[in-house]
Amino acid sequence: MDTHTARVDTTTIKTGTQTRSFDFHRTTTFVGLLIGYAGYYLCRQNFAAAYPAMKDLVHMDKATFGQISSFGTLMYAFGKVTTGAAADTIGGRIVFFIGLVGSVLLSLLFGMGSGIGFFFVVWGAQRFFQSMGWGGLVNVMSRWFSSRQYGTAMGVMSINYQFGGVLATVFAGYLLSLGFGWRALFFIPALVLAAIGVVGWFLIKGCPTDVGHELRHDDAAGPAAGSVHASDANLSYLARFKLVLSDPAFLVMCALSFIITLLRECFNTWMPAYFSDMGASASMAAFKSAVFPLMGCVGTLFAGWFSDKYLQGRRGPMMASLMVVLVALL
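The sequence shown lines up with residues 12 to 341 when you count with the working numbering.
Have a look at this one:
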């Protein structure tokens, strides 16, 4: 009797320790991704914020600025398509940090360069590496959260790209207000992102199995949507594309995401230039531009709260209503 009791107690202690360890690593991974992806924006928003200060010095008119920014957006879209499947192949954590390191190095390179052709190439490459952040993040999150937890976890995580845009734009404006030149807006944010990356490297774990835990299939659906199921684990790179492209719901979401992203990119790209043309200093133009992503944070939180409280968690009516309001405002 005593031996049996001791065995039960030992098992209970072991299970409790494993649970605490799992929760600890999941929390640190979540925090690392939250801060890390927000940090990505330090090397994404800096070009738009720097343009009013650099346009005359590098002889870059609005048409050229728009062309470089558009090319960067195309490279970002191309990267989203090609590197998302790579996260399933080599792991989301690796993809996330490849993108982060590439963003740091290319931001430093952009700040050292001159010439329109140089800016085209480097900014396009920069946006390609930037595209790896979200795909890597989603892959890692799907390994740590079950489908019942994934929606809530990603809802909170999605705040990071809004707050990241706010902080990056305000930080750029602050540097300009201190008298730094446009090149500093590429050097200093890159160094800050590098520091965030070092911390994130130790916080973020790509999968529970990396730290001695099993994947937790704690509901009927198994791991969260977006993770690789056992039957799909050996699919080739192209087969993964065919699999997701055969899903109608996925294609609809891609179309909606394309429209929303296009609008968001337009505002984020052109607002500093607009406020500069309206007479604001380069620093004040950056500060004013931060209002757009700030209101995005408010809207994200409001949409989640309203749909849960008044629409029984149905996201479709909320999305449709907001799209109507958006069209009316435009």
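The beta carbon of each residue, even a glycine, is placed where N, CA and C say it ideally should be. Model, not experiment: these values are computed from the prediction.
Counted within 10 angstroms of its Cβ, other Cβ atoms place residue i as buried (16 or more) or exposed
i: residue 73; result: exposed
i: residue 189; result: exposed
i: residue 36; result: buried
i: residue 253; result: exposed
i: residue 138; result: buried
i: residue 86; result: buried
i: residue 110; result: buried
i: residue 152; result: buried
i: residue 338; result: exposed
i: residue 29; result: exposed
i: residue 321; result: exposed
i: residue 53; result: buried
i: residue 141; result: buried
i: residue 289; result: exposed
i: residue 334; result: exposed
i: residue 65; result: buried
i: residue 315; result: buried
Simplified DSSP state of residue i, which is helix, strand or coil
i: residue 19; result: In this predicted model, residue 19 has a pLDDT of only 43, less than 50, meaning its place in the structure is not dependable enough to derive any value.
i: residue 239; result: Its pLDDT being 44, under 50, residue 239 is placed unreliably in this model, and the value from its coordinates should be taken loosely. It is coil, neither helix nor strand.
i: residue 36; result: helix
i: residue 322; result: coil
i: residue 253; result: helix
i: residue 216; result: coil
i: residue 221; result: helix
i: residue 264; result: helix
i: residue 124; result: coil
i: residue 291; result: coil
i: residue 230; result: Only weak support is given to the placement of residue 230: the predicted model assigns it a pLDDT of 45, under 50, and the value that follows is read from those uncertain coordinates. Three-state DSSP puts residue 230 in coil, outside helix and strand.
i: residue 103; result: helix
i: residue 301; result: coil
i: residue 332; result: helix
i: residue 142; result: coil
8 Å Cβ cutoff met for residue i and residue j
i: residue 283; j: residue 63; result: yes
i: residue 204; j: residue 50; result: yes
i: residue 214; j: residue 40; result: yes
i: residue 48; j: residue 128; result: no
i: residue 177; j: residue 59; result: no
i: residue 44; j: residue 187; result: no
i: residue 199; j: residue 46; result: no
i: residue 217; j: residue 102; result: yes
i: residue 194; j: residue 122; result: yes
i: residue 196; j: residue 57; result: yes
Report task. Could you tell me which uninterrupted alpha helix (DSSP H) segments, each at least 4 residues in length, are contained entirely in the segment 146-214, listed from first to last along the chain? Result -> Listed in chain order, the alpha helix (DSSP H) elements of length 4 or more contained wholly in the segment 146-214 are 158-168, 170-188 and 195-214.
Requested in this report: Could you say if the segment 74-83 and the segment 170-187 meet the contact criterion of at least three C-beta pairs nearer than 8 Å?
Outcome: Contact fails: fewer than three Cβ-Cβ distances are below 8 Å.
Query - Touching by the beta-carbon criterion (3+ pairs, under 8 Å), the segment 91-110 and the segment 123-132 - result: Not touching, per the Cβ criterion.
Query - Length-filtered (4 minimum) alpha helix (DSSP H) runs lying within the segment 40-90 - result: Within the segment 40-90, the complete alpha helix (DSSP H) runs of at least 4 residues are 57-65.
Query raised in the report: Is the segment 160-170 close to the segment 282-298, with three or more CB pairs under 8 Å?
Result: Flag = no, the segment 160-170 and the segment 282-298 do not touch.
Query raised in the report: Would you call the segment 273-292 and the segment 94-103 touching, i.e. three or more CB-CB distances under 8 Å?
Result: Output reads no: the segment 94-103 does not touch the segment 273-292.
Query raised in the report: Can we say the segment 110-127 touches the segment 303-317, given the rule of at least three CB pairs closer than 8 Å?
Result: No contact exists between the segment 110-127 and the segment 303-317.
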